[in-house]
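Undergrad:
Numbering (the working numbering), first residue to last: 152 to 329.
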(Lines of atoms letter the chains of each structure in order from A and count residues from 1; the text may use other names and numbers.)
(Lines give C-alpha, C1' and ligand atoms only; values in the text may rest on other atoms or scores of the structure.)
Protein backbone atom coordinates (compact mmCIF):
# COMPACT_ATOMS: atom_id res chain seq x y z
CA UNK A 1 0.00 0.00 0.00
CA UNK A 2 2.80 2.40 0.89
CA UNK A 3 4.45 1.70 -2.46
CA UNK A 4 1.21 2.46 -4.35
CA UNK A 5 0.62 5.67 -2.42
CA UNK A 6 4.11 6.98 -3.09
CA UNK A 7 3.86 6.13 -6.79
CA UNK A 8 0.85 8.38 -7.08
CA UNK A 9 2.42 11.22 -5.13
CA UNK A 10 5.96 11.25 -6.46
CA UNK A 11 5.77 9.63 -9.90
CA UNK A 12 6.37 12.93 -11.59
CA UNK A 13 7.64 16.33 -10.70
CA UNK A 14 6.28 19.44 -12.35
CA UNK A 15 8.82 18.74 -15.09
CA UNK A 16 7.27 15.33 -15.76
CA UNK A 17 10.47 13.44 -14.88
CA UNK A 18 9.95 9.99 -13.40
CA UNK A 19 10.92 9.73 -9.74
CA UNK A 20 11.66 6.01 -10.09
CA UNK A 21 15.12 5.14 -8.84
CA UNK A 22 17.05 2.50 -10.75
CA UNK A 23 19.19 0.38 -8.43
CA UNK A 24 22.12 -1.44 -10.01
CA UNK A 25 23.77 -4.16 -7.91
CA UNK A 26 27.40 -5.10 -8.51
CA UNK A 27 28.30 -7.30 -5.53
CA UNK A 28 30.71 -6.38 -2.78
CA UNK A 29 30.54 -6.95 0.96
CA UNK A 30 26.86 -5.98 1.05
CA UNK A 31 26.08 -9.25 -0.80
CA UNK A 32 28.67 -11.51 0.86
CA UNK A 33 27.72 -14.77 2.57
CA UNK A 34 29.35 -17.84 4.08
CA UNK A 35 28.47 -20.91 2.05
CA UNK A 36 29.66 -23.32 4.76
CA UNK A 37 31.61 -23.29 8.02
CA UNK A 38 34.96 -23.86 6.25
CA UNK A 39 34.65 -21.21 3.54
CA UNK A 40 35.59 -17.58 3.32
CA UNK A 41 33.08 -14.93 2.42
CA UNK A 42 31.89 -15.10 -1.17
CA UNK A 43 29.61 -12.75 -3.07
CA UNK A 44 26.17 -14.33 -3.13
CA UNK A 45 22.78 -13.33 -4.48
CA UNK A 46 22.00 -9.60 -4.34
CA UNK A 47 20.52 -8.68 -0.95
CA UNK A 48 18.95 -5.40 -2.07
CA UNK A 49 15.33 -6.64 -1.97
CA UNK A 50 15.71 -7.68 1.68
CA UNK A 51 17.55 -4.47 2.54
CA UNK A 52 14.82 -2.33 0.97
CA UNK A 53 12.14 -4.34 2.78
CA UNK A 54 13.95 -3.93 6.11
CA UNK A 55 14.30 -0.19 5.52
CA UNK A 56 10.53 0.03 4.82
CA UNK A 57 11.12 2.41 1.92
CA UNK A 58 7.99 3.73 0.23
CA UNK A 59 9.40 4.90 -3.08
CA UNK A 60 9.25 3.64 -6.64
CA UNK A 61 12.32 1.68 -7.69
CA UNK A 62 13.59 -0.95 -10.11
CA UNK A 63 16.43 -3.37 -9.30
CA UNK A 64 18.87 -4.58 -11.97
CA UNK A 65 21.59 -7.07 -11.02
CA UNK A 66 24.67 -6.22 -13.11
CA UNK A 67 27.51 -8.10 -11.44
CA UNK A 68 28.25 -10.40 -8.51
CA UNK A 69 31.89 -9.57 -7.74
CA UNK A 70 34.12 -8.40 -4.97
CA UNK A 71 35.06 -4.86 -5.97
CA UNK A 72 38.75 -5.80 -5.97
CA UNK A 73 37.94 -8.14 -8.89
CA UNK A 74 36.20 -5.50 -11.02
CA UNK A 75 37.81 -4.90 -14.42
CA UNK A 76 37.74 -1.95 -16.79
CA UNK A 77 35.12 -3.88 -18.79
CA UNK A 78 32.98 -4.22 -15.64
CA UNK A 79 33.21 -0.48 -15.02
CA UNK A 80 32.26 0.14 -18.66
CA UNK A 81 29.19 -2.09 -18.16
CA UNK A 82 28.23 -0.07 -15.09
CA UNK A 83 28.78 3.20 -16.98
CA UNK A 84 26.68 2.09 -19.98
CA UNK A 85 23.90 0.75 -17.75
CA UNK A 86 23.64 4.06 -15.90
CA UNK A 87 23.92 6.12 -19.10
CA UNK A 88 21.22 4.03 -20.81
CA UNK A 89 18.85 4.08 -17.83
CA UNK A 90 15.58 5.92 -18.41
CA UNK A 91 15.69 7.08 -14.80
CA UNK A 92 17.32 10.37 -13.82
CA UNK A 93 18.10 8.90 -10.38
CA UNK A 94 20.36 5.87 -9.88
CA UNK A 95 21.72 4.03 -6.84
CA UNK A 96 24.57 1.54 -7.25
CA UNK A 97 25.43 -1.02 -4.56
CA UNK A 98 29.15 -1.64 -4.76
CA UNK A 99 32.08 -3.03 -2.81
CA UNK A 100 33.80 -0.40 -0.72
CA UNK A 101 37.40 -1.14 -1.75
CA UNK A 102 37.09 0.30 -5.28
CA UNK A 103 33.87 2.32 -4.98
CA UNK A 104 35.76 5.58 -5.44
CA UNK A 105 37.38 4.36 -8.68
CA UNK A 106 33.99 3.40 -10.12
CA UNK A 107 32.47 6.71 -9.04
CA UNK A 108 35.24 8.56 -10.87
CA UNK A 109 34.66 6.42 -13.99
CA UNK A 110 31.02 7.57 -14.03
CA UNK A 111 31.91 11.27 -14.20
CA UNK A 112 30.95 11.58 -17.87
CA UNK A 113 27.30 11.10 -16.91
CA UNK A 114 26.05 14.62 -16.30
CA UNK A 115 22.26 14.45 -16.53
CA UNK A 116 21.60 12.01 -13.68
CA UNK A 117 21.94 11.86 -9.93
CA UNK A 118 24.07 8.76 -9.28
CA UNK A 119 24.76 7.57 -5.73
CA UNK A 120 27.10 4.69 -4.91
CA UNK A 121 26.85 2.90 -1.58
CA UNK A 122 27.84 -0.35 0.05
CA UNK A 123 28.46 -1.89 3.44
CA UNK A 124 31.34 -2.70 5.73
CA UNK A 125 29.39 -5.70 7.06
CA UNK A 126 27.34 -8.10 4.89
CA UNK A 127 23.61 -7.34 4.68
CA UNK A 128 22.87 -10.78 6.11
CA UNK A 129 24.61 -9.89 9.38
CA UNK A 130 22.45 -8.75 12.26
CA UNK A 131 24.62 -5.70 12.92
CA UNK A 132 25.10 -4.47 9.37
CA UNK A 133 25.38 -0.95 8.08
CA UNK A 134 23.73 -2.02 4.80
CA UNK A 135 20.17 -0.92 5.62
CA UNK A 136 21.25 2.52 6.81
CA UNK A 137 23.62 3.07 3.88
CA UNK A 138 21.09 1.98 1.24
CA UNK A 139 18.34 4.10 2.81
CA UNK A 140 20.74 7.06 2.88
CA UNK A 141 21.60 6.52 -0.79
CA UNK A 142 17.93 6.32 -1.76
CA UNK A 143 17.24 9.60 0.06
CA UNK A 144 20.30 11.27 -1.46
CA UNK A 145 19.26 10.18 -4.96
CA UNK A 146 15.93 11.95 -4.48
CA UNK A 147 17.24 15.29 -3.21
CA UNK A 148 20.69 15.88 -4.72
CA UNK A 149 21.24 17.66 -8.04
CA UNK A 150 22.71 15.71 -10.96
CA UNK A 151 26.20 14.46 -10.20
CA UNK A 152 28.14 11.47 -8.89
CA UNK A 153 28.12 10.87 -5.13
CA UNK A 154 29.06 8.29 -2.50
CA UNK A 155 26.99 7.76 0.64
CA UNK A 156 28.56 5.86 3.52
CA UNK A 157 28.52 6.22 7.29
CA UNK A 158 25.72 8.80 7.29
CA UNK A 159 27.56 11.20 4.99
CA UNK A 160 27.47 12.22 1.34
CA UNK A 161 30.87 12.39 -0.32
CA UNK A 162 32.39 13.85 -3.47
CA UNK A 163 34.43 10.97 -4.97
CA UNK A 164 37.40 13.33 -5.43
CA UNK A 165 37.37 14.39 -1.79
CA UNK A 166 37.03 11.10 0.05
CA UNK A 167 38.95 7.99 0.94
CA UNK A 168 38.24 4.71 2.66
CA UNK A 169 39.97 4.62 6.04
CA UNK A 170 40.64 0.89 6.41
CA UNK A 171 41.86 1.18 10.02
CA UNK A 172 38.73 3.04 11.16
CA UNK A 173 36.44 1.02 8.85
CA UNK A 174 34.75 4.10 7.39
CA UNK A 175 34.83 6.65 4.60
CA UNK A 176 36.07 10.14 5.34
CA UNK A 177 36.73 13.45 3.62
CA UNK A 178 40.25 14.31 2.53
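All C-beta atoms, glycine included, are put in the ideal place defined by N, C-alpha and C.
Tell me which same chain residues have a C-beta within less than 7 Å of the C-beta of residue 181, skipping the five on either side of it?
TA: Taken in chain order, the residues that qualify are 198, 248, 273, 274, 277, 278 and 285.
Undergrad: At the level of alpha carbons, what is the spacing between residue 166 and residue 172?
TA: Any reading at residue 166 is ruled out, since the residue's pLDDT is 48, under 50, leaving its predicted position unreliable.
Undergrad: Helix, strand or coil, according to DSSP, for residue 321 in the structure here?
TA: Three-state DSSP puts residue 321 in coil, outside helix and strand.
Undergrad: With burial defined as no fewer than 16 other Cβ atoms inside 10 Å of the residue's Cβ, what is the status of residue 321: buried or exposed?
TA: Classification for residue 321: exposed.
Undergrad: So, with DSSP's three-state summary, where would you put residue 247?
TA: In the structure shown, residue 247 sits in a strand (DSSP, three-state: E or B).
Undergrad: Tell me which same chain residues have a C-beta within less than 6 Å of the C-beta of residue 325, skipping the five on either side of it?
TA: Counting only Cβ-Cβ distances below 6 Å, and skipping sequence neighbours, we find 308.
Undergrad: Would a C-beta distance cut-off of 9 Å place residue 242 and residue 259 closer than the cut-off?
TA: Result no, Cβ atoms of residue 242 and residue 259 do not sit closer than 9 Å.
Undergrad: Please report the straight-line C-alpha distance between residue 303 and residue 226, rounded to a whole angstrom.
TA: Taking the straight line from one Cα to the other gives about 20 Å.
Undergrad: Counting along the chain, where does the alpha helix (DSSP H) carrying residue 218 start and finish?
TA: Note, residue 218: premise wrong, no alpha helix (DSSP H); beta strand (DSSP E) at 212 to 220.
Undergrad: Would you identify the three-state DSSP class for residue 235, choosing helix, strand or coil?
TA: Residue state, collapsed to three classes: helix.
Undergrad: Name the two residues that bound the continuous beta strand (DSSP E) containing residue 205.
TA: Where residue 205 is concerned, there is no enclosing beta strand (DSSP E), although the alpha helix (DSSP H) it sits in stretches over 199 to 206.
Undergrad: In this structure, does DSSP put residue 170 in helix, strand or coil?
TA: It is coil, neither helix nor strand.
Undergrad: Examine the Cβ distances between the region 200 to 208 and the region 286 to 301 and report whether three or more of them are shorter than 8 Å.
TA: The answer is yes - the region 286 to 301 touches the region 200 to 208, with three or more Cβ pairs under 8 Å.
Undergrad: In chain order, what residues of the same chain lie with their CB nearer than 7 Å to the CB of residue 262, ignoring the 5 residues before and after it?
TA: So the list reads 303, once near-sequence residues are dropped.
Undergrad: Which of helix, strand or coil does DSSP assign to residue 225?
TA: Three-state result, residue 225: coil.
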